[in-house]
Each structure stands twice: as C-alpha cells, then as structure tokens.
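S.K.:
Residue numbers (full-length UniProt numbering): 1 to 321.
Structural data, given as structure tokens:
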C-alpha cells in the first residue's frame, strides 16, 4: 500500500491495519480469477471450480436467471451459465457476490452512512457503467464495468465502519463547508475513499483494471491500465448522482473531466456539451429490470430513480468542465 503525500501517519497506520485484518476473498474466487485469465482454461474447469462452493453456485444461478439478464429459458446449470453469459460475466458475478458479502450491512439509525442508500448508489453506478459500455462500443468489458461501478466506493465503507469518529468529522465538513465528501476525507485523513478502496483492492488481489477504476474514478485522466473503464465509472457516478439514485454520502456532483471524451465518445447536444438528458432517459429505462438483481446481490434493496427531479442548470453545467 502506497502512502499518500501528507497523510497523517497514525491514521494511515490504523486504516492500513484494518485492511490487513479484513478477511480475504474466498479461495474459490481467487482461483476463479486465475483460471479465467488462463488462456488454456475451459468452461468445464471453471464450472468444476465454482461447484465446490454451493452458496456461490446458487447465487450465480439466481443472478443468471434474474430479469436483469432477461433470458427466455431457465439457466439450470453452471455449465450453461458459462456458455450463455461468458467467462468474464461469471467471473465478475463471483467477484460482485464475494465483495458485497464482505462489506454489505443493513442500514440503521446509528450508522454514519445510510447503507441502504449507499448501496443503491453503488448499484446505480454499476448499471450505468454497464449501460455506457454497451452504448459506446465497449461490449467486451460490460461485465467488468458493472463490477467496477458496484465497488467503486468501497473505501467509504472501510472509513465509516472502522474510522467512525474521524469519518463523522468528514461528514460534518461536507455540511459545514459544502464540499465533496472526497475533499472532506482528504482534510481529515490526508487520503480519500478512492485511495483507501484501492488499498483494499490490492489486499484482495482484485484485477488491476478494477483496482485502478476504484482509485481513479474521480481522476480518470490519469488512468493507464484501462482508461476507458475509469472513464465509464467516472461518468456513471456523475449520471447516477444526477438521477438521484441512492446517496454517495454527500449531495454534490463531482466535476466532469471533459478529457474523458477521448476514451469515451459521449453524445453531445447542439451546444457541444454532454447530453445529460439523453443519458438520464436511458438510465431510467435501464433501471426497470434491476430490482431482482439487487435483491439477490444485496439481499433486499429495491432501487428507484427519482422521477420528480428536474434536470436543472446546476446538474447540467457540471458537464462543461
């Protein structure tokens, strides 16, 4: 784990020790990542590995049969799921289930973050990332975009659960100074949730493109491993906030970096600005079939787009940076 310049040493030590002490991902998931990255692997070997974990097998089959994927005929076996959905999708479903099972927890009044709304936001970013990948010629990384969106804010979970008093200070700064949560985190910790999430991704040996997307979803122009993935999650986060899906912990919309248009050819309006209304309409349609997927991955959370919100100047203008 690399130190951020100026980070407060004692807090860094506590954060990193927390991450070191967290349970690792299941062995079957680590082996699944290795197997899928092996060009000599087969659907049969992947199926055999997944079947060693009955819970993972059951949840993958439930996800494959959810209305989110919309297959007309039942997918009754892992073998068929791999054939129909593909290696990458199965890998990323496994990652999604495993990461969320480690981090998801019920929302209650004593928590700093409203975890129901937090995971709604995360699922919204996942759905938007997948949608944007499909719309703009990145079908090969659709499932990777989904999981990157789903876990992009995992650093917030670590900070809020294990640095409660200091994170409470960060949340107060958001309200008092009207600043983004990431900026407030930097003031309190010397690092933000994106960096902390990246440390956790490294601890769990997540694929490098996913780790980079977590670290750079607010700074996509510095991405090197998979710039298009960072660009997808960057704009998906902005889009989900504009649609008022869940909550990222603050009411503000992060700045949009127009340079991402080099990696992600977004549709522009007649004024040369990103056509936010176009993407919000597509987002609402995309969210219609997501509830069953959410209920399986997170256990219970329905997700709703706030139809009452108008797309005002404050939201649209953020896309002109």
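Using N, Cα and C, we set each Cβ at its ideal position, and we do this for glycine too.
Does the count of Cβ pairs from the stretch 16-36 and the stretch 47-57 closer than 8 Å reach three?
M.R.: Yes: at least three Cβ pairs fall under 8 Å.
S.K.: Please classify residue 345: does DSSP put it in a helix, a strand, or coil?
M.R.: Given that the chain is displayed from residue 1 to residue 321, the structure contains no residue 345 and the question cannot be resolved.
S.K.: Can you name the start and end residues of the alpha helix (DSSP H) that residue 44 belongs to?
M.R.: Residue 44 -> alpha helix (DSSP H) spans 43-50.
S.K.: My output table needs one value for residue 252: the three-state DSSP class, helix, strand or coil.
M.R.: Coil at residue 252, not helix or strand.
S.K.: For residue 196 versus residue 15, is the C-beta spacing smaller than 8 Å?
M.R.: Result yes, Cβ atoms of residue 196 and residue 15 sit closer than 8 Å.
S.K.: I'd like to confirm something about residue 36: is its beta-carbon nearer than 7 Å to some heavy atom of the ligand ATP, or not?
M.R.: Ligands in the displayed structure: none, and consequently the ligand ATP is not present.
S.K.: Please report how far the alpha carbon of residue 108 lies from the alpha carbon of residue 190, in whole angstroms.
M.R.: Legend: pLDDT at residue 108 = 49, less than 50; position of this residue unreliable, no value from coordinates given.
S.K.: Does residue 168 pass the burial test, meaning 16 or more other C-beta atoms within 10 Å, or should it be called exposed?
M.R.: Flag for residue 168 reads exposed.
S.K.: Kindly provide the ranges of any alpha helix (DSSP H) runs that are 4 or more residues long and lie completely inside the stretch 169-226, ordered along the chain.
M.R.: Runs of the alpha helix (DSSP H) inside the stretch 169-226: 181-189, 193-203 and 208-216.
S.K.: Suppose contacts are defined by Cβ-Cβ distances below 8 Å. Is residue 20 in contact with residue 32 by that definition?
M.R.: Not in contact: residue 20 and residue 32 (Cβ atoms no closer than 8 Å).
S.K.: When burial is assigned at 16 or more other CB atoms within 10 Å of the CB, is residue 10 buried or exposed?
M.R.: It counts as exposed.
S.K.: Going straight from the alpha carbon of residue 263 to that of residue 232, what length do you get?
M.R.: Cα to Cα, the separation comes out at about 9 Å.
S.K.: Nearest-angstrom Cα distance between residue 156 and residue 83?
M.R.: Going from the Cα of residue 156 to the Cα of residue 83 covers about 36 Å.
S.K.: Put residue 268 into one of helix, strand or coil per three-state DSSP.
M.R.: Looking at residue 268 - three-state DSSP - the assignment turns out to be strand.
S.K.: If you measure between the beta carbons of residue 133 and residue 120, is that distance less than 8 Å?
M.R.: Cβ distance not < 8 Å, so residue 133 and residue 120 don't count as in contact.
S.K.: Going by C-alpha distance, which of 62, 127 and 220 is nearest residue 288?
M.R.: Measuring from the Cα of residue 288, the nearest candidate turns out to be 127.
S.K.: Should residue 96 and residue 297 be called a contact, given that it needs their Cβ atoms to be closer than 8 Å?
M.R.: Taking 8 Å as the Cβ cut-off, residue 96 and residue 297 qualify as a contacting pair.
S.K.: With a Cβ-Cβ cutoff of 8 Å, do residue 171 and residue 103 count as a contact?
M.R.: No, these two residues do not count as a Cβ contact at 8 Å.
S.K.: Would you tell me roughly how many angstroms separate the C-alpha atoms of residue 253 and residue 228, rounded to the nearest one?
M.R.: So the two alpha carbons sit approximately 21 Å from each other.
S.K.: If you run the structure through DSSP and keep just helix, strand and coil, what is residue 274?
M.R.: If DSSP states are grouped into helix, strand and coil, residue 274 belongs with the strands.
S.K.: Give me the residue from 139, 194, 116 and 146 with the minimum Cα distance to residue 125.
M.R.: Ranking 139, 194, 116 and 146 by Cα distance to residue 125 puts 146 first.
S.K.: Which same chain residues end up closer than 8 Å to residue 74 when comparing Cβ atoms and leaving out the 5 residues on each side of it in sequence?
M.R.: Answer for residue 74: 65, listed in chain order.
S.K.: Straight-line CA distance for residue 215 to residue 17?
M.R.: Near 19 Å, if we compare the C-alpha coordinates of residue 17 and residue 215.
S.K.: Between which two residues does the alpha helix (DSSP H) carrying residue 29 extend?
M.R.: Residue 29 -> alpha helix (DSSP H) spans 27-36.
S.K.: Could you spell out the range, first to last residue, of the alpha helix (DSSP H) harbouring residue 141?
M.R.: Note, residue 141: premise wrong, no alpha helix (DSSP H); not H, not E.
S.K.: Excluding the 5 residues preceding and the 5 following residue 188 in the sequence, name in chain order all residues of the same chain whose CB lies nearer than 6 Å to its CB.
M.R.: Only 166, 169 and 170 meet the Cβ criterion.
S.K.: Would you tell me roughly how many angstroms separate the C-alpha atoms of residue 22 and residue 206, rounded to the nearest one?
M.R.: Taking the straight line from one Cα to the other gives about 14 Å.
S.K.: So what does DSSP say about residue 244, is it helix, strand or coil?
M.R.: It is coil, neither helix nor strand.
S.K.: Going by beta carbon distance, what residues of the same chain come within less than 7 Å of residue 259, once the five residues before and after it are set aside?
M.R.: For residue 259, where only same-chain residues beyond five positions count, the Cβ hits under 7 Å are 221.
S.K.: By alpha-carbon positions, which one of 283, 219, 261 and 177 ends up nearest to residue 239?
M.R.: Selected option, being the one with the closest Cα: 283.
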